[in-house]
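Asks: Going line by line, the protein sequences match chains P and A.
Residues 2 to 395, numbered by our numbering, are exactly what the first sequence covers, in order.
Residues 5 to 398, numbered by our numbering, are exactly what the second sequence covers, in order.
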Amino acid sequence: MFGWEFPPFNAGGLGVACYGLIKGLSRQGIEVIFVLPKKVPLNVDFCRVIFADENPADLKTFYSAYSTLTAADKNLNAIFKNSWGLIEEVKKYALLARQIAKREKFDIIHAHDWLCYPAGLMAKEVSGKPLVVHIHATEFDRTGGLNVNSQVYAIEKEGFEKADKIVAVSNFTKQKVAEHYDITPSKISVVYNALEKEQSTPTSEIIAGLSALNKKFKMVLFLGRLTLQKGPDYFLQAAKKVLEKNPNVYFVIAGSGDMQHQLINQTIDLDIADKVIFTGFLRDRNLAKIYQMADLYVMPSVSEPFGITALEALNSSTPIIISKQSGVSEIIKNCLRVDFWDINQMANKMLAVLNYPALGDTLKECGKNEVEKITWDNSASACLNVYNSVLSNS
Amino acid sequence: MPSVCFYLQTHQPFRLRNYSVFDIGQNDDYFDEQRNREYLSRIVRKSYLPTNRILLELIRQQRGKFKVSFGLSGVLLEQLEKNFPEVISDFQKLVATGCCEILAETYHHSLAYLYSAEEFKQQVALHRQKIKKLFNYKPTVFRNTELMLSNEMAKTVEEMGYKAILGEGADYILGWRSPNYVYKIKGTKNIKILLRNYKLSDDISFRFSSRDWNEWPLTADKFAAWVKGTQSHGDVINLFMDYETFGEHQWEETGIFEFLKSLPGEILKYPENNFQNPSDVIKLYKPKGELDFCNIVTWADTERDLSAWLGNRMQQTALKKLYSLEGIVKKSADKKLVEKWRKLQTSDHFYYMCVKWFADGDVHKYFSPYESPYDAYIIFMNIFNDLKLRLETL
Numbered sequence: 002m003f004g005w006e007f008p009p010f011n012a013g014g015l016g017v018a019c020y021g022l023i024k025g026l027s028r029q030g031i032e033v034i035f036v037l038p039k040k041v042p043l044n045v046d047f048c049r050v051i052f053a054d055e056n057p058a059d060l061k062t063f064y065s066a067y068s069t070l071t072a073a074d075k076n077l078n079a080i081f082k083n084s085w086g087l088i089e090e091v092k093k094y095a096l097l098a099r100q101i102a103k104r105e106k107f108d109i110i111h112a113h114d115w116l117c118y119p120a121g122l123m124a125k126e127v128s129g130k131p132l133v134v135h136i137h138a139t140e141f142d143r144t145g146g147l148n149v150n151s152q153v154y155a156i157e158k159e160g161f162e163k164a165d166k167i168v169a170v171s172n173f174t175k176q177k178v179a180e181h182y183d184i185t186p187s188k189i190s191v192v193y194n195a196l197e198k199e200q201s202t203p204t205s206e207i208i209a210g211l212s213a214l215n216k217k218f219k220m221v222l223f224l225g226r227l228t229l230q231k232g233p234d235y236f237l238q239a240a241k242k243v244l245e246k247n248p249n250v251y252f253v254i255a256g257s258g259d260m261q262h263q264l265i266n267q268t269i270d271l272d273i274a275d276k277v278i279f280t281g282f283l284r285d286r287n288l289a290k291i292y293q294m295a296d297l298y299v300m301p302s303v304s305e306p307f308g309i310t311a312l313e314a315l316n317s318s319t320p321i322i323i324s325k326q327s328g329v330s331e332i333i334k335n336c337l338r339v340d341f342w343d344i345n346q347m348a349n350k351m352l353a354v355l356n357y358p359a360l361g362d363t364l365k366e367c368g369k370n371e372v373e374k375i376t377w378d379n380s381a382s383a384c385l386n387v388y389n390s391v392l393s394n395s
Numbered sequence: 005m006p007s008v009c010f011y012l013q014t015h016q017p018f019r020l021r022n023y024s025v026f027d028i029g030q031n032d033d034y035f036d037e038q039r040n041r042e043y044l045s046r047i048v049r050k051s052y053l054p055t056n057r058i059l060l061e062l063i064r065q066q067r068g069k070f071k072v073s074f075g076l077s078g079v080l081l082e083q084l085e086k087n088f089p090e091v092i093s094d095f096q097k098l099v100a101t102g103c104c105e106i107l108a109e110t111y112h113h114s115l116a117y118l119y120s121a122e123e124f125k126q127q128v129a130l131h132r133q134k135i136k137k138l139f140n141y142k143p144t145v146f147r148n149t150e151l152m153l154s155n156e157m158a159k160t161v162e163e164m165g166y167k168a169i170l171g172e173g174a175d176y177i178l179g180w181r182s183p184n185y186v187y188k189i190k191g192t193k194n195i196k197i198l199l200r201n202y203k204l205s206d207d208i209s210f211r212f213s214s215r216d217w218n219e220w221p222l223t224a225d226k227f228a229a230w231v232k233g234t235q236s237h238g239d240v241i242n243l244f245m246d247y248e249t250f251g252e253h254q255w256e257e258t259g260i261f262e263f264l265k266s267l268p269g270e271i272l273k274y275p276e277n278n279f280q281n282p283s284d285v286i287k288l289y290k291p292k293g294e295l296d297f298c299n300i301v302t303w304a305d306t307e308r309d310l311s312a313w314l315g316n317r318m319q320q321t322a323l324k325k326l327y328s329l330e331g332i333v334k335k336s337a338d339k340k341l342v343e344k345w346r347k348l349q350t351s352d353h354f355y356y357m358c359v360k361w362f363a364d365g366d367v368h369k370y371f372s373p374y375e376s377p378y379d380a381y382i383i384f385m386n387i388f389n390d391l392k393l394r395l396e397t398l
């Protein structure tokens with residue numbers, strides 16, 4: 002299995018999903034060799050981890066062998082022509098993957114998102130084993146359909162076309178893949194993400210100051226990368242409308258990303274700067290604490306293939322409002338749903354949770370019960386079904 | 005000599021429009037007139053018009069031997085008068101045959117009995133006035149919303165002058181006894197109770213078109229044979245169901261109209277059988293014993309209790325808050341506000357807030373005009389707050 006990141010060295014949900022899926026698979030007796038591009042100090046006991054850059058000898062072999070180009074190499078070179086930094090990394094990962102695939106024994110290859118598709122394709126090429134590509138987010142989700150990177154798109158499309166089967170994290174994503182990449186829907190299986198319910202003792206170290214505020218005010222939380230895809234700007238517009246009706250609320254934006262500066266300016270323009278707190282990126286115990294403190298979690302994503310944070314919030318007994326443009330809204334019933342662009346409805350529903358306690362209480366109680374049933378064991382079983390169907394066809 | 009008592013409950017609520025927190029204080033238009041007219045138009049076309057014509061034809065064919073009773077909620081009659089007067093005139097023709105009985109109920113199809121004895125009696129009186137005006141008819145038998153029944157309630161209804169009351173033949177009340185007899189009810193003097201034979205009623209209203217059912221397809225002669233089969237242990241088979249069973253819950257394509265057309269003929273083929281309305285039944289048959297309805301029993305779901313309307317905190321809060329306005333609403337003597345307050349009491353509004361999603365819950369979802377029970381609650385509470393504001397600023 003080729004991944005790109007793994008907790009605690011993750012920037013988002015991709016690493017979290019790989020972690021949960023592998024753990025679920027390992028509990029079903031599946032032996033997973035998990036490959037990461039770069040060495041990080043991981044302490045994992047439920048799968049074997051290989052860091053692609055760990056053995057420099059491999060890299061040497063590859064460079065000396067590079068003088069005679071194989072068909073796969075030529076293909077790789079064509080795709081990566083004029084590539085930029087990240088794409089260079091992806092290319093390097095694919096070349097290292099070839100060495101790993103030659104060396105290791107396995108029955109099936111599983112590659113997560115475009116970053117790992119070239120690695121997966123290379124492994125398929127040298128081993129002849131079937132390839133499953135997993136799609137957690139398409140280039141259309143990340144960019145909101147604007148400025149789609151044609152190289153990334155080409156890598157995604159090649160992965161979808163050459164894979165034996167595609168796993169999408171929701172029907173929402175399945176449709177995107179089918180429409181934008183011209184893939185037959187029957188080639189795509191949906192395996193929903195889930196939540197690994199691990200005990201994490203909430204801390205009060207960094208956000209101790211927030212606790213004092215929390216006693217006097219209601220708190221509404223946004224948590225995610227501060228990018229166009231996650232819709233933090235819509236969150237702030239709705240916050241403005243909420244504050245006009247109920248000033249005893251403050252809004253927390255947890256996460257980092259390229260929109261941070263713009264968002265801070267937006268709070269000033271909207272004249273709500275004193276009601277919005279930016280915490281930066283949170284993890285582990287701070288993350289658990291912030292979910293717990295929140296009276297309401299809002300996920301206003303413009304395009305959210307799944308949205309594990311919604312499950313994390315529910316698991317902390319926090320009511321959620323989620324965008325209809327999300328995969329998680331296909332499986333969670335005990336939530337409020339809005340179109341990301343419908344600021345009035347978003348504010349209406351935020352105010353309802355804040356002002357009508359019976360609503361928040363019912364959402365909390367039923368949501369917690371519902372999320373209990375969403376386990377990685379179930380998702381791993383669904384994934385195993387995909388493996389079996391691929392293996393029986395090959 | 006088994007009699008068949010065939011009772012159809014006819015009701016449609018004034019559904020609420022998508023009322024946002026930003027409408028509070030700005031907009032006193034609570035009901036979605038256009039949507040209600042559209043819903044009703046469909047039901048009129050698919051169910052009321054064709055079914056009433058069949059019933060009228062059956063009465064003529066059988067020369068008075070076929071009888072049928074109706075529950076006609078005030079809120080439905082009001083909508084029909086305004087938009088579909090042809091349905092009212094069909095009901096008038098039916099009542100004029102002398103073969104139809106109209107039952108008493110709360111005008112607003114409400115749960116008022118549970119919250120205010122005074123309001124309950126006023127709504128029953130309003131319904132009497134409406135029935136008198138439209139049909140020149142005085143009901144003598146009572147049926148409360150959703151077939152609600154308890155000892156206490158029966159006592160109240162008896163004091164109001166009614167001779168009989170309908171209820172659910174729930175197993176946990178009847179035990180080894182049969183629903184096919186007239187009973188007395190604990191704590192009352194003379195009032196009789198007629199209990200729904202839920203098995204035979206649901207064979208028509210729920211199972212008729214179910215292909216998973218081993219009795220599918222249900223034919224009129226088969227059903228008549230089942231009725232005949234109860235001869236040795238019963239006086240009266242009470243078939244109580246939603247009027248909309250015919251043509252709306254069971255579509256025309258299922259053959260439900262053909263079934264209805266042949267049913268009286270097939271039942272009357274057995275010379276000892278007949279059709280009777282509730283007020284005839286209590287004259288013909290003596291009570292077999294006394295039953296104890298110590299808690300409220302309804303015809304809903306598998307629980308046969310009030311949990312579909314009062315099962316969660318949202319429902320309890322909404323009802324409690326609404327009835328807390330009774331004093332101030334009535335003191336205002338503002339006819340329009342009183343009427344709005346009453347239309348908000350219709351039980352459907354609370355039914356839509358039910359979160360018992362699984363098993364029974366599917367039925368709730370099917371009939372709800374809102375996206376989720378949470379949305380139903382938000383809309384209701386926003387409207388409640390507007391009404392409250394208006395009352396406070398009078």
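We treat Cβ as the ideally placed atom computed from N, Cα and C, and that holds for glycine.
Everything numeric in this text was worked out from a predicted model, so none of it was measured.
Taking DSSP's pairing of strands, which residues face residue 36 of chain P in a bridge?
Replies: In the first sequence, counting from the first residue as 1, residue 36 of chain P sits at position 35. DSSP output for residue 36 of chain P lists P:3 and P:51 as bridge partner(s).
Asks: Beta carbon of residue 322 of chain P, beta carbon of residue 299 of chain P: below 8 angstroms?
Replies: Position 321 of the first sequence, counting from 1, holds the residue named residue 322 of chain P. Position 298 of the first sequence, counting from 1, holds the residue named residue 299 of chain P. In this structure, residue 299 of chain P lies closer than 8 angstroms to residue 322 of chain P by Cβ.
Asks: Between which two residues does the alpha helix (DSSP H) harbouring residue 188 of chain A extend?
Replies: Indexing the second sequence from 1 puts residue 188 of chain A at position 184. First-last for residue 188 of chain A: 186-189, but that is the beta strand (DSSP E), not the alpha helix (DSSP H).
Asks: If I measure Cβ to Cβ from residue 102 of chain P and keep anything under 6 angstroms in the same chain, skipping five residues before and after, which residues do I get?
Replies: For the purposes of this step, residue 102 of chain P is identified with residue 101 of the first sequence, where counting begins at 1. For residue 102 of chain P, where only same-chain residues beyond five positions count, the Cβ hits under 6 angstroms are 124, 127 and 128.
Asks: Using a Cβ cut-off of 8 angstroms (strictly closer), state whether residue 321 of chain A contacts chain P.
Replies: Here residue 321 of chain A refers to the residue found at position 317 of the second sequence. Output row for residue 321 of chain A: interface = yes.
Asks: Quick one: what's residue 246 of chain A bridged to in DSSP?
Replies: On the second sequence, residue 246 of chain A is found 242 positions in, with the first residue counted as 1. Its beta-bridge partners are A:13.
Asks: Please state whether DSSP places residue 288 of chain P in a helix, a strand or coil.
Replies: As a working note, residue 288 of chain P is residue 287 in the first sequence. Three-state result, residue 288 of chain P: helix.
Asks: Determine the closest residue to residue 77 of chain A out of A:163, A:353, A:318 and A:13, with distance taken between C-alpha atoms.
Replies: Numbered from its first residue, the second sequence carries residue 77 of chain A at position 73. Residue A:13 is the option with its Cα nearest to residue 77 of chain A.
Asks: Excluding the five sequence neighbours on either side, which residues of its own chain have a C-beta within less than 7 angstroms of the C-beta of residue 393 of chain A, listed in chain order?
Replies: Residue numbering aside, residue 393 of chain A sits at position 389 when the second sequence is read from its first letter. Answer for residue 393 of chain A: 28 and 29, listed in chain order.
Asks: If you draw a straight line from the alpha carbon of residue 62 of chain A to that of residue 272 of chain A, how long is it in whole angstroms?
Replies: If you number the second sequence from 1, residue 62 of chain A lands on position 58. If you number the second sequence from 1, residue 272 of chain A lands on position 268. Cα to Cα, residue 62 of chain A sits roughly 12 angstroms from residue 272 of chain A.
Asks: Below 8 angstroms, how does it come out for the region 212-220 of chain A and the region 253-260 of chain A: are there three or more Cβ pairs, yes or no?
Replies: Result yes; three or more Cβ-Cβ pairs closer than 8 angstroms.
Asks: Going straight from the alpha carbon of residue 389 of chain A to that of residue 15 of chain A, what length do you get?
Replies: If you number the second sequence from 1, residue 389 of chain A lands on position 385. If you number the second sequence from 1, residue 15 of chain A lands on position 11. For residue 389 of chain A and residue 15 of chain A, the distance between alpha carbons rounds to 27 angstroms.
Asks: Quick one, which residues of the region 49-61 of chain A are near chain P if we go by CB-CB under 7 angstroms, in chain order?
Replies: Those would be none; no residue qualifies.
Asks: Closer than 7 angstroms between beta carbons: that is the criterion. Which residues of the region 182-202 of chain A meet it against chain P?
Replies: Within the region 182-202 of chain A, no residue has a Cβ that lies closer than 7 angstroms to any Cβ of chain P.
Asks: So with Cβ pairs under 8 angstroms, would you call residue 106 of chain A a contact of chain P?
Replies: Sequence index remark: in the second sequence, residue 106 of chain A carries index 102 (1-based). It does not: the Cβ of residue 106 of chain A has no partner Cβ on chain P nearer than 8 angstroms.
Asks: So, does the CB of residue 273 of chain P fall closer than 8 angstroms to a CB anywhere in chain A?
Replies: Here residue 273 of chain P corresponds to residue number 272 of the first sequence, with the count starting at 1. Not an interface residue.
Asks: Is residue 3 of chain A near residue 274 of chain A, with beta carbons less than 8 angstroms apart?
Replies: Since the first residue of chain A shown is 5 and the last is 398, residue 3 of chain A is not available in this structure.
Asks: Quick check for students: name the residue ranges of the alpha helix (DSSP H) that lie wholly in the region 20-62 of chain A, counting only runs of 4 or more.
Replies: You should have 37-47.
Asks: Taking the alpha-carbon positions, what's the residue 245 of chain P to residue 306 of chain P distance?
Replies: Translated into the one-based positions of the first sequence, residue 245 of chain P becomes position 244. Translated into the one-based positions of the first sequence, residue 306 of chain P becomes position 305. Cα-Cα distance, rounded: 32 angstroms.
Asks: At 7 angstroms on the CB atoms, spell out the chain P contacts of residue 316 of chain A, in chain order.
Replies: Counting from one through the second sequence, the residue named residue 316 of chain A turns up at place 312. Per Cβ cutoff of 7 angstroms: 363.
Asks: Whether or not the region 167-184 of chain A and the region 229-249 of chain A are in contact is what I'm after, with contact meaning three or more pairs of Cβ atoms, one per stretch, closer than 8 angstroms; do they touch?
Replies: They touch, by the three-pair rule.
Asks: In three-state terms, what does DSSP make of residue 1 of chain A?
Replies: Given a span of 5 to 398 for chain A in the structure shown, any question on residue 1 of chain A remains unanswerable.
Asks: At what residues does the alpha helix (DSSP H) containing residue 95 of chain A begin and finish?
Replies: The sequence position of residue 95 of chain A within the second sequence is 91, counting from 1. That run of the alpha helix (DSSP H) goes 89-100.
Asks: Considering Cα atoms alone, identify which of P:55, P:50 and P:179 is closest to residue 157 of chain P.
Replies: The residue given as residue 157 of chain P occupies position 156 in the first sequence. That would be P:179, whose Cα lies nearest to the Cα of residue 157 of chain P.
Asks: With a Cβ-Cβ cutoff of 8 angstroms, do residue 153 of chain A and residue 123 of chain A count as a contact?
Replies: Here residue 153 of chain A corresponds to residue number 149 of the second sequence, with the count starting at 1. Here residue 123 of chain A corresponds to residue number 119 of the second sequence, with the count starting at 1. No, Cβ-Cβ distance for residue 153 of chain A and residue 123 of chain A is not below 8 angstroms.
Asks: Please list, in chain order, the chain P residues whose beta carbon lies closer than 9 angstroms to that of residue 270 of chain A.
Replies: Numbered from its first residue, the second sequence carries residue 270 of chain A at position 266. The premise fails here: residue 270 of chain A is roughly 43 angstroms from chain P at the closest Cβ pair, so nothing lies under 9 angstroms.
Asks: Do residue 312 of chain A and residue 304 of chain A have their beta-carbon atoms positioned less than 8 angstroms apart in this structure?
Replies: In the second sequence, counting from the first residue as 1, residue 304 of chain A sits at position 300. In the second sequence, counting from the first residue as 1, residue 312 of chain A sits at position 308. It is a contact, given that the beta carbons lie within the stated cut-off.
Asks: Is there a C-beta anywhere in chain A that falls below 8 angstroms from the one on residue 44 of chain P?
Replies: As a first step, residue 44 of chain P must be located in the first sequence, where it is residue number 43. False, the Cβ-Cβ gap to chain A never drops below 8 angstroms.
Asks: Within this structure, are the beta carbons of residue 122 of chain P and residue 132 of chain P separated by less than 8 angstroms?
Replies: As a position in the first sequence, residue 122 of chain P is number 121, starting the count at 1. As a position in the first sequence, residue 132 of chain P is number 131, starting the count at 1. Going by C-beta atoms, residue 122 of chain P is nearer than 8 angstroms to residue 132 of chain P.
Asks: Does the separation of the CB atoms of residue 256 of chain P and residue 282 of chain P fall below 8 angstroms?
Replies: The residue you call residue 256 of chain P lines up with position 255 of the first sequence. The residue you call residue 282 of chain P lines up with position 281 of the first sequence. In this structure, residue 282 of chain P lies closer than 8 angstroms to residue 256 of chain P by Cβ.
Asks: Which residue spans inside the region 204-249 of chain P form an unbroken beta strand (DSSP E) run of at least 3?
Replies: Counting whole runs of 3 or more residues, the region 204-249 of chain P contains the beta strand (DSSP E) stretches 219-224.
Asks: Roughly how many angstroms separate the alpha carbons of residue 191 of chain A and residue 300 of chain A, rounded to a whole number?
Replies: Stepping through the second sequence from its first residue, residue 191 of chain A is reached at position 187. Stepping through the second sequence from its first residue, residue 300 of chain A is reached at position 296. Roughly 14 angstroms separates the two Cα atoms.
Asks: Entirely within the region 340-367 of chain P and at least 4 residues each: give me those alpha helix (DSSP H) ranges in chain order.
Replies: For the region 340-367 of chain P, whole alpha helix (DSSP H) runs of length 4 or above, ordered along the chain, are 344-356.
Asks: What do you reckon, are the CB atoms on residue 374 of chain A and residue 383 of chain A nearer than 8 angstroms?
Replies: Counting from one through the second sequence, the residue named residue 374 of chain A turns up at place 370. Counting from one through the second sequence, the residue named residue 383 of chain A turns up at place 379. Yes, Cβ-Cβ distance for residue 374 of chain A and residue 383 of chain A is below 8 angstroms.
Asks: Residues in the region 326-345 of chain P with C-beta within 9 angstroms of chain A's C-beta atoms, listed in sequence order?
Replies: Answer in chain order: 334, 335, 336, 337, 338 and 345.
Asks: Could you tell me which chain P residues have their CB closer than 8 angstroms to the CB of residue 274 of chain A, listed as they occur along the chain?
Replies: Indexing the second sequence from 1 puts residue 274 of chain A at position 270. In chain order: nothing, as chain P lies at least about 48 angstroms away.
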